[in-house]
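Chains as they are written, first to last, in the working numbering: chain A, 619 to 918; chain B, 77 to 395; chain C, -3 to 581.
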Amino acid sequence: MKAAVKRRKKISVADFSFRFCNMIFMILFVVITLYPILNTLAISFNDGTDALRGGIYIWPRLFSLKNYYTVIQKDDLITGAFITVMRTVIGTLLSLVTNAILAFIVSRKRFLFRHQLSLFWVITMYVNGGLIPTFLLYKGLGLTNSFGVYVIPGMISAFNMLVIRTYMNGIPDSLEESAQLDGAGYTTIFVKIISPLCKPVYATIALFVAVAQWNSWFDAMLYNRMSDNLTTLQYELMKLLSSVTNQSTSAEVMKNASGSVTPTSVRAAATMLTMLPIVCIYPFLQRYFVTGLTLGGVKE
Amino acid sequence: MSYRTKAKKNKNHQETKIQFSWKEVKRQKVLLIWSFFIVVYGIVFYYLPLAGWAMAFENYKPKDGIFHSSFVGLKKFNMLFSDETFLRVIRNTLAMGVINLIATFITAILFAILLNELKSRGGKKIVQTISYLPHFLSWIIVTGILHDALSGSGIINEVLMKLHIIDQSINFFAHTQYFWLIVAFANIWKETGWNAIIYLAAITAIDPNLYEAAAIDGAGRFDRIKHVTMPGIKPTIIILLLINVGNVLNAGFEIQYLLGNGLVQRVSQTIDIYVLKWGISQGDYALGTAAGIFKSLVSIILIVIVNKIAKHNGEERLF
Amino acid sequence: MKKKHMVNLLLVIVMPMSLLTGCSNKAAADTANAGSSGNSQSTADAGSTDTSNNNAGDVTTDTKEIKEFTAFFAVPGSELNDDNEIQAMIAEQTGVSVKEIWLTGQTAEEAIGTLVAGGEYPDFIDGGDGEQQLYEAGALVALDDYIDQYPNIKNFFTEQEWEALRQDDGHIYWIPQFSNIKGEEKTCTHNDEAFWIQTRVLKWAGYPTITTMDEYFDLIESYNEANPTMEDGTTNIPYTILCDDWRYFCLENAPQFLDGYPNDGCCIVDPLTQTVIDYNTTATANAYFKKLNDEYQKGIVDPESFTQTYDEYIAKLSTGRVLGMIDQWWDFAYTAGDAIKQAGLDEQGCEYVPLPITISSDVTNKWHCSGGVLNVASGLSVTVSCQDVEGALQFINDLLGQQVHDLRFWGEEGVDYLVDDSGEFYRTDEMRSNASDATYKAAHLCTYSYFPQYLGTSDDGINAMNPSGQGSEFYDGLSDNVKECFSAYGCQTYVDMLGTVEAPGAWYPMWSFAGTLTTATEGGLANTKITELKHEYLPKVVMAEDFDSAWADYMTEYEDCNPQAYLDELQAEVDRRVAEAAKYQ
């Protein structure tokens, strides 16, 4: 008895020091990761010309709302926002359902082509036909100048499938077996037994897909450049920012395009504005990651 | 039953070999029908564009298209592999790929586990929310901040000088030896919180009873991490490791492009930068395709190898 | 409860899926519609078929049809708002409105590559670096049969210039838009490269005459010794070099100017013998880099020169700390220049003026060339997808009319500029700041900046074609320190500080040719290799402890790049251009 008490005390000392170190570490981590956000926020609220001088850390030097105004007044922003919300919602749902179905299939131990189907998808992660062939394909399929190009290509992705599959593999086979004894088909097992247990991983994948959908602009630029009514929020912002850093531009081009380089502060404002919505929906998903779920059915 | 064996038992990896038979096909009808659609989709959207690989063997001209450009065989590949610069960018890409893989992998897992150990629920939520925010900043913003921090009068030099570790400020971007580390640090900074999400989700799947059992058995914190948490997320770790090993040649473009300069270009240029400079900017699309084929081949060979290893050890595997 | 949730979820998922297929078909049909009728879409049509398109409704007050064209420019640019006011005025006068789309997040070659692969083009296009691809792909309409019908287009170039634009199949496909000077040249800013220096340095030294590189650095050194800090105590950076990616040109091509040649950009062409000289290996190049090396060792050259990004460079300039540098005006004036003014640093003399610097006092400078520079490598084209080529060309023709041209570059009379009794245009401070405000520009101004345009003098003989050429307008905008500096040197404008010379000959400028080279040719390959090499070695040479051996290393590596192949191709082009020009003498 005495020994046990002693032991428990010992643990709590170790425990305490661990917790203390962990807290310090987390605080440090938060400071380091928060800095770029605060810095961007400060710059976004700073006068654009003044911001060129640099030396702004976490507080604006010359306060101004002009950057946000510049971003907000951008033409087609409403259309872009609407399309972006649509593609995020529809794209995420489609992606989640198809990837879950695929993951369900390849995680069935009895499935005849389990390894072949997995391999078929794994390869897609590492091969790429290139920009032009893909463009021609989408054009042939009538996906250019259409909303479909945002949600149909890339709907199923091997990465997402593998993450879900790994999670499903962790669910005991006995659940499936007992359901089958009760006469349940695969559809029932998927919808009623496996999926409810997969909420955390579904939330993870939903988040990944939603963020990717929300942030993507390249497809809008490439396939829907001529269709104003299909523009996306991020594409409109990219146009506004027209980042020339990424292009091998020549002096002569720049000479005639002068004035097209958008100040860092407008870029900061645009970043903040696009980050906001996705950060707002995060708490709703977060409960699936942070608070340990009691997975009622899993226990044997 | 001890909590250790229980935790292990949660994974079931025994192979059940099902022989092909019509009865089995009938039984799995639903699965097969769904797979059929999924395979058709995969062929159309992922495999059909690979017809474009033909470009790598042609003197591709946009006006002639893929089907009418003149055939040149392996000329582009010969060009690539006889170019010293290309061999150098392969080295750079591999080096940065491996360093990034290890660095981001370890930090994300570590972060997820430590976060899980935080007692306060509110604290957990706040830390996690903040940690993944940098993911939403573009590289141009992150590299801008990094440049500031590492410049001659930046905070890093200031701290190092105050601590008397150095007595003259170091221009970190002028020396080739720092470049890969800076890139790795930038990746950790931007993506740790984001990458940890997947592990946090995996941790939630661990039966809380196991922790309780461990506590009753008198296991300390490290024991619990070692014997409950780690085995619980091991399949996820393995699968992500396997996926990312195949991606080592995709070490990036933007960050190296934005952080690089003439003085460090020998170590900063990646395959993707090479393709932009020597291919696309020159109107030579085929070169990029050839480099892409090379990357694909290397990736596939790598994942076949690591998959074999995983299979051999009875771990989660890709296919 | 939970089961119900899942069923609901599935329903929610399935519904958009079915919607989606319908939706995408409709969208495709819509755009297909727009595509086929878009070229001559009348507002009345659009209004009746698509009531949700309220944009079209806004414009229709008269029954005149507004033709809608599309244009793609493979360069970065700023988009106009759909309801841009001056665009609507131009549409009223010309019956045409053009939707402009600019390059975003891709290289010009990539963007043009996908367009060519797809085989569908906007009505107007400027392929930038990808122009040649468009021509090869047969995407462009030959303009020579049409030009004679449109007097403004016809008169835009001389017969000789039109000839220079013919491609190897004998046709003309594009119209270079820029640097075309009408009447008397009116240029106040030197929009190009120069050694710049802050006015406070010149003022401190009593406005000395500085014409050589050595004098320039001596002045900076002695000023910095006497005034190591600014008024607020910030230490000065005597000289910095911008070396970020493609912006390294000012480090790289100075030797051509120092030797007294104009900006051919990629080589020197001897005007007497018309032979190509490589400026990378001249004695002047050696002397220039040796000088930079000396100054680097002395701590005059900013030690972060070769690692700083463009943003950091602009930040340094904006704080007024940098005494001097070499750069192109457009590269710093619209960013750092504005920031200096805004912070009131112009009162401390932190603004930059150019100096006529060469390697020695017996060489005359040619930093500023008069006359337009015809860049034959690219320009505005009409594509084969355009269904109304006449309408498109008529629009280009109309844009060159003086009235519309004033609307494009000066704006709306009474709003963007005022006219005094003598007919001279002028602007208030507010108008001036509006004109540089991105938000105002997008909503109000419409320059159609990648359509052909004039510099020089308006048809009225009084005004400049655009505000930056207007002498009085320009002088009003200057700070006192710059005015004082100008008057000390007997100058009125930045250009006067350097003096103006005639363009040297028919080959000028060679950069318009060098830009079209690709690795497909020996010379192009050499050029790409040389560029890579210089990015690495020029910084090394400047920073080297032992300059001579570093230079020798550089030269050895340089020879390995096979520069002769590159020079030969340049020489062939010089010969071709000279021979072409000879036909008109």
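Beta carbons: idealized from backbone N, C-alpha and C, even for Gly.
Environment of residue i [buried if 16+ CB atoms lie within 10 Å]
i: aspartate 122 of chain C; result: buried
i: cysteine 239 of chain C; result: buried
i: tyrosine 275 of chain B; result: buried
i: alanine 516 of chain C; result: exposed
i: tryptophan 98 of chain B; result: exposed
C-alpha distance - residue i paired with residue j, whole-angstrom precision
i: leucine 161 of chain C; j: glutamate 576 of chain C; result: 11 Å
i: lysine 287 of chain C; j: valine 538 of chain C; result: 9 Å
i: leucine 441 of chain C; j: glycine 407 of chain C; result: 6 Å
i: isoleucine 143 of chain C; j: isoleucine 149 of chain C; result: 6 Å
i: leucine 799 of chain A; j: methionine 786 of chain A; result: 20 Å
i: threonine 252 of chain B; j: glutamate 532 of chain C; result: 12 Å
i: asparagine 176 of chain B; j: arginine 243 of chain C; result: 30 Å
i: glycine 316 of chain C; j: isoleucine 206 of chain C; result: 21 Å
i: glycine 126 of chain C; j: glycine 115 of chain C; result: 15 Å
i: isoleucine 94 of chain B; j: isoleucine 114 of chain B; result: 22 Å
i: glutamate 64 of chain C; j: alanine 388 of chain C; result: 10 Å
i: tyrosine 292 of chain C; j: proline 299 of chain C; result: 7 Å
i: alanine 502 of chain C; j: tyrosine 413 of chain C; result: 38 Å
i: glutamine 332 of chain B; j: glutamine 466 of chain C; result: 44 Å
i: threonine 268 of chain B; j: leucine 851 of chain A; result: 27 Å
i: asparagine 176 of chain C; j: asparagine 151 of chain C; result: 11 Å
CB contact check: residue i to chain C, cutoff 9 Å
i: isoleucine 642 of chain A; result: no
i: phenylalanine 753 of chain A; result: yes
i: phenylalanine 249 of chain B; result: yes
i: isoleucine 750 of chain A; result: yes
i: threonine 688 of chain A; result: yes
i: isoleucine 356 of chain B; result: yes
i: aspartate 243 of chain B; result: no
Within 9 Å, strictly: CB atoms of residue i and residue j
i: phenylalanine 636 of chain A; j: arginine 164 of chain B; result: no
i: asparagine 685 of chain A; j: serine 883 of chain A; result: yes
i: isoleucine 264 of chain B; j: alanine 179 of chain B; result: yes
i: arginine 843 of chain A; j: tyrosine 768 of chain A; result: no
i: glycine 73 of chain C; j: serine 445 of chain C; result: yes
i: glutamine 358 of chain B; j: threonine 514 of chain C; result: yes
i: leucine 494 of chain C; j: asparagine 361 of chain C; result: yes
Any C-beta of chain A under 9 Å from that of residue i
i: glutamate 300 of chain C; result: no
i: glycine 519 of chain C; result: no
i: glycine 465 of chain C; result: no
i: leucine 451 of chain C; result: no
Any C-beta of chain B under 9 Å from that of residue i
i: aspartate 125 of chain C; result: yes
i: asparagine 763 of chain A; result: no
i: glycine 788 of chain A; result: yes
i: aspartate 210 of chain C; result: no
i: aspartate 481 of chain C; result: Looking at the sequence itself, residue 481 of chain C is cysteine, so the reference to aspartate does not match. Cβ-Cβ to chain B under 9 Å: no for cysteine 481 of chain C.
i: glutamate 590 of chain C; result: With chain C represented from -3 up to 581, any question about residue 590 of chain C goes unanswered, as that position is not in the structure.
i: phenylalanine 729 of chain A; result: yes
* Assess, as a yes-or-no matter, whether the stretch 168 to 177 of chain C is touched by the stretch 130 to 144 of chain C under the definition of 3 or more beta carbon pairs within less than 8 Å. => Yes, since at least three Cβ pairs between the stretch 130 to 144 of chain C and the stretch 168 to 177 of chain C fall closer than 8 Å, the two stretches touch.
* Does the stretch 113 to 127 of chain C come close enough to the stretch 372 to 384 of chain C to have 3 or more Cβ pairs within less than 8 Å? -> Segment contact: the stretch 113 to 127 of chain C against the stretch 372 to 384 of chain C, three or more CB-CB distances shorter than 8 Å; contact assigned.
* Asked: Does the stretch 194 to 203 of chain C touch the stretch 494 to 510 of chain C, meaning 3 or more C-beta pairs lie closer than 8 Å?
  -> Inter-segment contact for the stretch 494 to 510 of chain C and the stretch 194 to 203 of chain C is absent: fewer than three beta-carbon pairs are separated by less than 8 Å.
* To do: May I ask you to verify whether the stretch 280 to 295 of chain B touches the stretch 131 to 141 of chain B, counting CB pairs closer than 8 Å and requiring at least 3?
  => Counting C-beta pairs closer than 8 Å gives fewer than three between the stretch 280 to 295 of chain B and the stretch 131 to 141 of chain B, which falls short of the contact rule.
* Asked: Can we say the stretch 345 to 354 of chain C touches the stretch 186 to 198 of chain C, given the rule of at least three CB pairs closer than 8 Å?
  -> Verdict: yes, contact present.
* Counting pairs of beta carbons, one from the stretch 302 to 321 of chain C and one from the stretch 344 to 359 of chain B, are three or more of them closer than 8 Å? -> Counting Cβ pairs under 8 Å, fewer than three are found: no touch.
* **At least 3 beta-carbon pairs within less than 8 Å: the stretch 714 to 721 of chain A vs the stretch 73 to 83 of chain C** => By the Cβ criterion, the stretch 714 to 721 of chain A is not in contact with the stretch 73 to 83 of chain C, since fewer than three pairs of Cβ atoms, one from each stretch, lie closer than 8 Å.
* To do: Assess, as a yes-or-no matter, whether the stretch 306 to 324 of chain B is touched by the stretch 266 to 275 of chain B under the definition of 3 or more beta carbon pairs within less than 8 Å.
  => Because the criterion of three Cβ pairs below 8 Å is met, the stretch 266 to 275 of chain B and the stretch 306 to 324 of chain B touch.
* **Inter-stretch contact (C-beta, 8 Å, three-pair minimum) for the stretch 808 to 816 of chain A and the stretch 740 to 753 of chain A** => No, the stretch 808 to 816 of chain A is not in contact with the stretch 740 to 753 of chain A.
* Three or more beta-carbon pairs under 8 Å between the stretch 663 to 683 of chain A and the stretch 775 to 791 of chain A, yes or no? -> In short, these stretches do not touch, since the Cβ pair count stays below three.
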